[in-house]
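One structure is given below, encoded as structure tokens.
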Amino acid sequence: MDLYVRDAVVALLETDADPTAAAITVHAWHLRQRDSLRALGLCARAERQFGAIAPQDRLSLQARIGLVRAEAAWLGAETGAAAAFIDEALLAFEHLGDAAGIGDSLLLRSRLADDQGEIDRRRGDLAAAAAAYAKSGDPLRALAASAWLALDETYAGSTGALDRAQVLIEQADAAEETALDGVVGFARALLAYMRGDYGSAAAGYQRASGQLKNFGLIRQSIFALISASAALGNLNDLQGQSDYIDRGLAEARERQWPLLIGSCLNILGYLHDGLGRTEDAKAAFSEARDRLRAFPRSRSYGVSGIYLGDMCLRLQQTDEALAAFHIAEGAARAGSHSSLIPKILMGKAACLSALNQPAEAIRLAQETLDEFGDLVPDLESEILWTLARIHKAHDLPPPAGAAEASGALHYLTRIWTRHSVQAEWRPGQELLGALSEAWEATGDLVQALHFERLRSLSVQDATTQRAGEQATALQARLEAETARMEANHQRSLAELNKGRLSMLSQLGTIGQELTSTHDLTSIFQAVERHIGELLDAAAISVWLLEGDQLVPGSAWEEGRPILTRNIPVTDTASVAARVARERREFLIDYPVDGSRGSRFVPGTRRMRTALFAPLLINERLLGVMSVQSAQPDAYGEEERLIFRSVCVQSAVALGNALSYRELAVANDRLRDAQIALERLVSRDALTGLFSRRYIMEAAETEIARARREKEPLSVMMIDLDHFKQVNDRHGHAAGDAALQAVALMLTRSLRPTDIIARYGGEELVALLPGTDLADAIQIAGRARAAIAAERLDLDGVALSVTASFGIAEWVSHELSIEQALKRADIALYSVKQRGRNAVAARGYGASSDDLDRIISV
Numbered sequence: 019m020d021l022y023v024r025d026a027v028v029a030l031l032e033t034d035a036d037p038t039a040a041a042i043t044v045h046a047w048h049l050r051q052r053d054s055l056r057a058l059g060l061c062a063r064a065e066r067q068f069g070a071i072a073p074q075d076r077l078s079l080q081a082r083i084g085l086v087r088a089e090a091a092w093l094g095a096e097t098g099a100a101a102a103f104i105d106e107a108l109l110a111f112e113h114l115g116d117a118a119g120i121g122d123s124l125l126l127r128s129r130l131a132d133d134q135g136e137i138d139r140r141r142g143d144l145a146a147a148a149a150a151y152a153k154s155g156d157p158l159r160a161l162a163a164s165a166w167l168a169l170d171e172t173y174a175g176s177t178g179a180l181d182r183a184q185v186l187i188e189q190a191d192a193a194e195e196t197a198l199d200g201v202v203g204f205a206r207a208l209l210a211y212m213r214g215d216y217g218s219a220a221a222g223y224q225r226a227s228g229q230l231k232n233f234g235l236i237r238q239s240i241f242a243l244i245s246a247s248a249a250l251g252n253l254n255d256l257q258g259q260s261d262y263i264d265r266g267l268a269e270a271r272e273r274q275w276p277l278l279i280g281s282c283l284n285i286l287g288y289l290h291d292g293l294g295r296t297e298d299a300k301a302a303f304s305e306a307r308d309r310l311r312a313f314p315r316s317r318s319y320g321v322s323g324i325y326l327g328d329m330c331l332r333l334q335q336t337d338e339a340l341a342a343f344h345i346a347e348g349a350a351r352a353g354s355h356s357s358l359i360p361k362i363l364m365g366k367a368a369c370l371s372a373l374n375q376p377a378e379a380i381r382l383a384q385e386t387l388d389e390f391g392d393l394v395p396d397l398e399s400e401i402l403w404t405l406a407r408i409h410k411a412h413d414l415p416p417p418a419g420a421a422e423a424s425g426a427l428h429y430l431t432r433i434w435t436r437h438s439v440q441a442e443w444r445p446g447q448e449l450l451g452a453l454s455e456a457w458e459a460t461g462d463l464v465q466a467l468h469f470e471r472l473r474s475l476s477v478q479d480a481t482t483q484r485a486g487e488q489a490t491a492l493q494a495r496l497e498a499e500t501a502r503m504e505a506n507h508q509r510s511l512a513e514l515n516k517g518r519l520s521m522l523s524q525l526g527t528i529g530q531e532l533t534s535t536h537d538l539t540s541i542f543q544a545v546e547r548h549i550g551e552l553l554d555a556a557a558i559s560v561w562l563l564e565g566d567q568l569v570p571g572s573a574w575e576e577g578r579p580i581l582t583r584n585i586p587v588t589d590t591a592s593v594a595a596r597v598a599r600e601r602r603e604f605l606i607d608y609p610v611d612g613s614r615g616s617r618f619v620p621g622t623r624r625m626r627t628a629l630f631a632p633l634l635i636n637e638r639l640l641g642v643m644s645v646q647s648a649q650p651d652a653y654g655e656e657e658r659l660i661f662r663s664v665c666v667q668s669a670v671a672l673g674n675a676l677s678y679r680e681l682a683v684a685n686d687r688l689r690d691a692q693i694a695l696e697r698l699v700s701r702d703a704l705t706g707l708f709s710r711r712y713i714m715e716a717a718e719t720e721i722a723r724a725r726r727e728k729e730p731l732s733v734m735m736i737d738l739d740h741f742k743q744v745n746d747r748h749g750h751a752a753g754d755a756a757l758q759a760v761a762l763m764l765t766r767s768l769r770p771t772d773i774i775a776r777y778g779g780e781e782l783v784a785l786l787p788g789t790d791l792a793d794a795i796q797i798a799g800r801a802r803a804a805i806a807a808e809r810l811d812l813d814g815v816a817l818s819v820t821a822s823f824g825i826a827e828w829v830s831h832e833l834s835i836e837q838a839l840k841r842a843d844i845a846l847y848s849v850k851q852r853g854r855n856a857v858a859a860r861g862y863g864a865s866s867d868d869l870d871r872i873i874s875v
């Protein structure tokens, strides 16, 4: 009895009008995964005919029926019954000396052991099955053992068995495809997935799924669909991921196979999470865990607990999250899934932090780091991330001996220090954003701006990379479709699909043009031009998401721009709004009679077909695009794939443009903060005037400007008269008030372009750009008079103050303002010597014996 046969052979079995018990058993055997319930019915029918069969033949058929029942029980999660059926069949085959039957029993028992997390038993049964098949004289069964061993070792990262199996299959020189091509193809796809080549993995899984299903390996075929969905998810092809997981889940639910339903739900939950549907994601993860309870030691059960715990933690359902991680840890330890344990422990640490137990959280994270940090690649960074989040959440000080100002910055810096020396390392946006925030919290705006700029560049790189990934995903799906059509001998469709691959190459060129600019208008124009070349597009519209509104980005009809309106995302009558809410593609066929709904955008033509799609970058919705045709049924699968690809490229281009805009905003924000900080430290706290340091730096700038534009520049030194007497008679508070009043009057008397600073004590300095000595004297005279005329009321005490002024003009050959300030200081001293409350000017080149010009205005 063959191990696997193609669907065409099973169809022939259906034509036997009066089958014998042996023929019925063969039929049941090959329906064991195709239709388990019908296979069990055929087993009962065969047993009713056993009376006319020789005892030895009856035992052989009974053993084979036992394996059919074992497989049905295994798939239905009745693991105890499955094990009993297998053991009974194995004893019968051993009694009969049936090496093929023995191998079939051991192969099935290895699959059951795999689901139960019994690794040693799985490996032992696989090896024993291979030995039995070697004795059976059945070359395809021997190849089957090699293929399943290869898949088993591939999960562990080894490729030796896979290479050997491939050689054996090629040497067999089978005239037709066999089931083993599907098993080995699955292993090849798994290997591509493990090395991060998700495009090849997705195509390989899709191809393997069709091969496996054709030979009745429905369970492995569904796993291939699940794996293809995961690969497409890593390529950010959410539409493709959704399509494949829907197919897998539909087949698993139809057959009521708990392990596959649970595995599909894990991926579905992950997909919901990526689309921001957190409650739907939690529901999927919860159902997955419930479905997988029958396999408490399986990796899938542990993974579902991790997913559920993470989701509950994000929904702030901490107690439920902690319980989920606890169950996951039990499954991981019981099934020896050591790679899951660090992730589980980090989840528990995050729960403890959320429960306000930071000390316990840090202890658990540190213990995990000590135990696993050197064993799993990149695990140390994940644990340091967890420690950084705990420190930030509880505002904890850095650990002893740390040089950084905060605990979060200490652990983030450790991650940066470890990886930044690796040339191939590309830091993620989350890390760069966290470093920027941490530095900003310490007041170091320069470092904060540095990491914010790196984050924005990372966003641009990521969006470009996602575009390539999504194009790869589309290519993988097209290749898989080509393989399916060729397998069904549909040559004409295969040729058409090759044209699609050529079209994909053209779309890549279009993507390069779209992403080469950051100007929104240029992007919209390129979209309109290229869609018009590729599709029947009577009208094209693009909306951008701003808050809760879809705002028109651009709209054309028959090549002419048209006006469209803002659309609230909550608008239930708008298809574009529904696309934004549900984040999925819609194809609309409008009625022929032109009744309400047959017009898509304001314009002159009636539209018959419209295609809408969200503009997505990962989980971020940027907007919605639509294309409309005046022809019915204008957009088939090929046109939808083209439109989907253009939407991917457009989203990348728009994401880059918006990222540049966000970078400019972030730069402006940090620059404003830095300017505000500089202004804060450059101002005198008492008077609000500039500091001495600031005016000296400003003088360098003004000298450069005066020299460049050949303009004059003067300085003014001001000193409050008898300031010490004010302090002594009325107190320092009165002195401070007097100084503040003089500063205010000077600010009002001088021009907006003049720069005034507190030079020290009661001494002030003003820089007068574009002003020669004569004009400076006039300005100073007005200021002196204003100060002298002011009367201050200090707690009921009337007080007047006066000020003395010294003026000098900078000359062009002087390198700094210092010489002019010295001349102004000498002039001020002259005023003090001659009675105060006056203005004096000292020109360049005057000797110490020259009289200063005293102006008592």
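Each residue of the sequence shown is one higher than the one before, starting from 19 at the first, in the numbering used here. Backbone N, C-alpha and C define an ideal beta-carbon position, used for all residues, glycine too.
Around the Cβ of Ser438, a 10 Å sphere holds fewer than 16 other Cβ atoms; the residue is exposed.
In the three-state DSSP reduction, Met643 falls in the strand class (E or B). By the C-beta criterion, the stretch 778 to 791 is judged to be in contact with the stretch 722 to 736, since at least 3 inter-stretch pairs fall below 8 Å.
Below 8 Å, enough C-beta pairs join the stretch 314 to 324 and the stretch 341 to 360 to call them touching: three or more. DSSP, reduced to helix, strand and coil, places Ile585 within a strand of the structure shown.
In the structure shown, Phe233 falls within a coil segment according to DSSP collapsed to helix, strand and coil.
The bridge partners DSSP lists for Met734 are Ala784 and Ile825.
Ranked by Cα distance from Val666, the options Leu208, Gln447 and Gly258 are led by Gly258. Judged by DSSP in its simplified three-state form, Ser245 adopts helix. For Gly706, no beta strand (DSSP E) encloses it, and the DSSP letter there is neither H nor E.
A direct Cα-to-Cα measurement between Ala556 and Arg578 gives close to 10 Å. For Leu817, the pairing in a beta bridge is given by DSSP as Leu810.
Taking 8 Å as the cut-off, the Cβ atoms of Ser559 and Ala573 count as close. Going by C-alpha positions, Gln758 is about 21 Å away from Leu846.
At the C-beta level, Gln134 and Thr97 come within 8 Å of one another. Closest by C-alpha distance to Arg432, out of Leu453, Pro415, Ala220 and Ala62, is Leu453.
The C-alpha of Trp828 lies about 5 Å from the C-alpha of Ala838. Within the DSSP bridge table, the entry for Leu629 names Leu605 and Val645 as partners. Around the beta-carbon of Lys728, fewer than 16 other beta-carbon atoms lie within 10 Å, marking it exposed. Taking C-alpha positions only, Gln440 is separated from Gly451 by approximately 20 Å.
Leaving aside the five residues that flank Arg809 on each side, the residues in its chain whose CB is nearer than 7 Å to its CB run, in chain order, Ala816 and Ser818. A distance below 6 Å between beta-carbons, with the five flanking residues on each side excluded, links Arg139 to the following residues of its chain, in chain order: Ala131.
Sequence-distant Cβ neighbours of Glu718 in its own chain, meaning closer than 6 Å and more than five residues away, do not exist here. A distance below 7 Å between beta-carbons, with the five flanking residues on each side excluded, links Gly203 to the following residues of its chain, in chain order: Gly222, Arg225, Ala226 and Gln229. Linking Asn745 to Asp811 through their CA atoms gives a straight-line distance of about 15 Å. Of the residues assessed, Trp443 falls on the exposed side of the cut-off, its CB having fewer than 16 other CB atoms within 10 angstroms. Contiguous alpha helix (DSSP H) elements confined to the stretch 260 to 336 occur at 276 to 292, 296 to 309 and 317 to 332, taking only those with 4 or more residues. Look at Pro376 here: in three-state DSSP terms it is helix.
In this model, Val321 and Gly327 are separated by some 10 Å (Cα to Cα). For Val27, the secondary structure class from DSSP, reduced to helix, strand or coil, is helix.
Between Pro415 and Phe390, the C-beta spacing is not below 8 Å.
The beta carbons of Asn232 and Arg24 sit about 5 Å from each other, so the pair counts as a contact at 8 Å.
At a Cβ-Cβ threshold of 8 Å, Met364 and Glu400 count as neighbours. A distance below 8 Å between beta-carbons, with the five flanking residues on each side excluded, links Gln375 to no residue of its chain. For the set Cys282, Arg309, Leu278 and Arg76, the Cα lying nearest the Cα of Ile263 is the one of Cys282.
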